[in-house]
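Okay, so here's the structure we're looking at.
Residue numbers (the UniProt record's numbering), protein chains in the order written: chain A, 1 to 546; chain B, 1 to 459.
Structure below.
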């Protein structure tokens, strides 16, 4: 039995780490020790952490699978593609609308299949005799019913095992249907060690089969793509609102509130702005190599980060008109947000948070907590790789292990007709000189204070132990973690899917987040955990009416 | 329109399921396993299954759902999952210290042919299962049956623990079927009122509707104990509630342990509850106490008081066979018209039962039962033959909104409302609540739609 309301926590992180590890069998303890890091990041030196390695069987993990990363995370928010899960019913069912991806399909005649769940619902005879025929028929039925622009196929575990050639089926059906782009994803759940593999598989296929299909120049100035933003709780809407106000044109968001045509036109943008580095950094690289579009890392979580990211984009375009507009927007939007933060701050100042979210969010959301005067005492990612923790400079030295080797890397070359370097070498160098970093991500660790604890692939037992020992004022993770943490009397904010509320990105989102955190850490409910008679049990006595 | 692409015209589909009225076996096995005291469910396959099942159950109950996974990667998928499961069993008993681990398979481990009894046997021989602790199992490939059959398989896995000493324990086994924790609590209350000692399994009450106290217990007080399950082989009889979710385990006890069984419907609504109470009374040889008869009378009273608002209202339902059968009987019994009925859990007896229950109705009744029965078809039927009320899980809210039809949330999963974990829908009290929910939905709608001239104060 664990209680979060015992005596004062031990502050020494080494002691905490020791306490966590002692319960494990020796082999497990040795492995986990390398994934639990006490942050000693110095100026130019980041400590090394083990990440993107196998989950330990039997240890209750926060992670999901490759299919979830591919179908749920990356393709889930795309509204006008019919996504067919090829497999037994479960996977399709569970990925049916369970992330709070919002989409705007309000245009006349707009297609929106996000509310539908399509599956081949394989039965035992399909497993024995193969499911290709059924898949082919399912694609035909979907086409006959809806005539969509695109149909995507997702493989679940047994499909890979029985060897259905989903890519051949997709190619055949694309050919047969003529006006419908059909392509497939080998995203069986067992590939890789987490959702991350699924992001990679999804992005690769979108890049291969969709990006670059529409050369038409879209109207607007300062064209960018926003990569790694999934429009959870409407985040993407708020970012788009700000872009619009600044006069920046968002050609494609990968993949929140996205559409078939956005992906097809992505190569016409002039800059890629990367939000979630983990889920999509390789697409940014590929867009640069193939089409000549450079990329910068941005972060629209936190009001200051939003301002910083807007300035970064403006600096890239290096046009006084845009710079002026961006400054005007910041001058208009930022002060009321900071005013709101100042109002909330007396109730949040000095409180502590723990964040174990996704592959960038545990980093990004620390900005918002800082704006509330809150400190992140421990953080980590569910499915990150070392570069997310330590920065991109570790990439060349990363060894590719057996579990990563089966995740395809696409070989990309400059497109013969479409490659067009947006800036000359000299311009890029000059921009770098002026402080604009291209292809750069420092990672989470350097941004965290010395002595904080960084933990990769946190599990349920460790989460409870951390809460017990460090007693944070709020804990952020996913829905599976939510209620065990709350039973301990610690408010828990879901930051994968937000539970409810949002947007939390951009300026208006920041205000929403301040109020949400204020609501959570100052809720009266945390004061009701013990009944009056439990608070003072020794004072029992007969109450005399007379 | 959120389901704007659904055409009214029904076309034959053979391969594509759209908006399924079921999900896969393992989640049912996981839910059933949570009804054992001190149990850690374990999903033998890749880790996404476990994550999805935990998330869905968490969203439905707003409670922590702990479960392990064998976390297969490509290697295990090729070479077999034995090493992963052995390691998992060792880790689970070391780190979480459960009384019992309930392993179920997934489509992955089934397809590669992992042999659970053999692996569990090996774990026992290698000392990975501490003395006095148990590992139970169920085979639950997702390409067979549905979440309902997965539930049933794990309940049968529990029944395998039963032992027969030759001395009867005077108790009645009740297998409640896939119902909510509150329903299991209600079944226990009714049995206690009638004066029958029971062994209820699974029993998720006290586990999935726990209090907030500043403490987290991975294994709360509730659930059927291993000792009780062992003793189930000495019971005087078994009442299995629901052919689909409970009968297999009951028949297993009948054959294996000579514990005679009766399969009843889940006691949802007046008549099914009558039969349940009557069965308990005859098994125990006791009279039904006045208190139970009183509750029954209250239900009959409410049916008569408000009959004018239910009478001949058309209803469309999607859900699980055992629940739907009882619900359809209840609706017919209060003169409502269940017009479109879908279940994605196959079973030949279903359509026949629904036909029988609705035979006298003055309307055409659409029934579809097979693995491909889906809410897309249900929606198409509704477009062609509109109804007054929808009864089903949360996913029905899209149809409800598009067609502007009130929805009573009932079944699994309900991820956008609370109450199902706390308030029963079985028994007479449960029927009162169901009736109240149906009535509120219909009357709210009437209040909204009535003209100012005909707007009623008293109803």
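We treat Cβ as the ideally placed atom computed from N, Cα and C, and that holds for glycine. Computed from a predicted structure; not experimentally measured.
By a beta-carbon distance limit of 8 Å, residue 390 of chain B contacts residue 399 of chain B. Their separation comes to about 6 Å. In the structure shown, residue 13 of chain A adopts helical secondary structure according to DSSP, grouped into three states. Looking at the backbone, the Cα of residue 149 of chain A and that of residue 115 of chain A are separated by about 17 Å. Not flagged as an interface residue toward chain B: residue 108 of chain A, since no C-beta distance is shorter than 7 Å.
According to the DSSP assignment, residue 262 of chain B belongs to the beta strand (DSSP E) that extends over 261-264. The criterion of a C-beta distance shorter than 7 Å is satisfied by residue 415 of chain A and residue 291 of chain A. For the stretch 63-81 of chain B, the residues whose beta carbon sits under 8 Å from a beta carbon of chain A are, in order, 63, 64, 65, 66, 67, 68, 69, 70, 71, 72, 73, 74, 75, 76, 77. Nearest to residue 226 of chain A by C-alpha distance, out of A:99, A:476, A:310, is A:310. Remark: C-beta atoms of residue 480 of chain A and residue 55 of chain B approach each other more closely than 7 Å. By the neighbour-count definition (other C-beta atoms within 10 Å, threshold 16), residue 128 of chain A is an exposed residue.
Taking CB atoms only, residue 52 of chain A has no neighbour in chain B less than 7 Å away. Remark: fewer than three beta-carbon pairs, one from each stretch, lie closer than 8 Å, so the stretch 234-247 of chain B and the stretch 294-313 of chain B are not flagged as touching. Here residue 110 of chain A carries a coil assignment [DSSP, helix/strand/coil]. For residue 134 of chain B, the uninterrupted beta strand (DSSP E) run begins and ends at 134-138, by DSSP. For the stretch 338-364 of chain B, the beta-carbon criterion of a distance under 9 Å to any beta-carbon of chain A is satisfied by 344. Interface with chain A (7 Å Cβ-Cβ cutoff): residue 51 of chain B is included. When the five nearest sequence neighbours on each side are left out, the beta carbons in the same chain lying within less than 8 Å of the beta carbon of residue 188 of chain B are those of 198, 200, 203, 205, in order along the chain. If you compare the alpha carbons of A:156, A:141, A:109 with that of residue 72 of chain A, the shortest gap goes to A:156. Excluding the 5 residues flanking it on each side, residue 229 of chain A has same chain C-beta neighbours closer than 6 Å at 236, 253, 256, 275, in chain order.
Residue range 532-535 is occupied by the alpha helix (DSSP H) that includes residue 533 of chain A.
The beta-bridge partner set that DSSP reports for residue 272 of chain A consists of A:225, A:295. Contacts with chain B at 7 Å (Cβ-Cβ) do not include residue 532 of chain A. Rounded to the nearest angstrom, the gap between the Cα atoms of residue 410 of chain A and residue 204 of chain A is 7 Å. Contact between the stretch 531-538 of chain A and the stretch 332-352 of chain B is not established, with fewer than three Cβ pairs separated by less than 8 Å.
Every alpha helix (DSSP H) of 4 residues or more that sits fully in the stretch 178-254 of chain B is shown, in chain order, as 181-194, 226-231.
Buried is the label assigned to residue 314 of chain B, since at least 16 other Cβ atoms lie within 10 Å of its Cβ.
Segment contact: the stretch 267-278 of chain B against the stretch 430-437 of chain B, three or more CB-CB distances shorter than 8 Å; contact assigned.
As far as DSSP is concerned, residue 94 of chain B takes part in no beta bridge. Taking CB atoms only, residue 212 of chain B has a neighbour in chain A less than 7 Å away.
With fewer than 16 other Cβ atoms from the protein chains shown falling within 10 Å of its own Cβ, residue 454 of chain B counts as exposed. DSSP places residue 415 of chain A outside both helix and strand once states are collapsed to three, so it counts as coil.
Of all C-beta pairs linking the stretch 128-148 of chain A to the stretch 73-86 of chain B, fewer than three are shorter than 8 Å, placing the two stretches out of contact.
The stretch 72-86 of chain A and the stretch 139-146 of chain A touch, with three or more beta-carbon pairs separated by less than 8 Å. Between residue 94 of chain B and chain A, the shortest Cβ-Cβ separation is below 7 Å. In the DSSP annotation of this structure, the continuous segment of the beta strand (DSSP E) that includes residue 39 of chain B starts and ends at 39-44.
Contact check for residue 222 of chain A and residue 248 of chain A: beta-carbon distance about 5 Å, within the 8 Å limit, so the pair qualifies.
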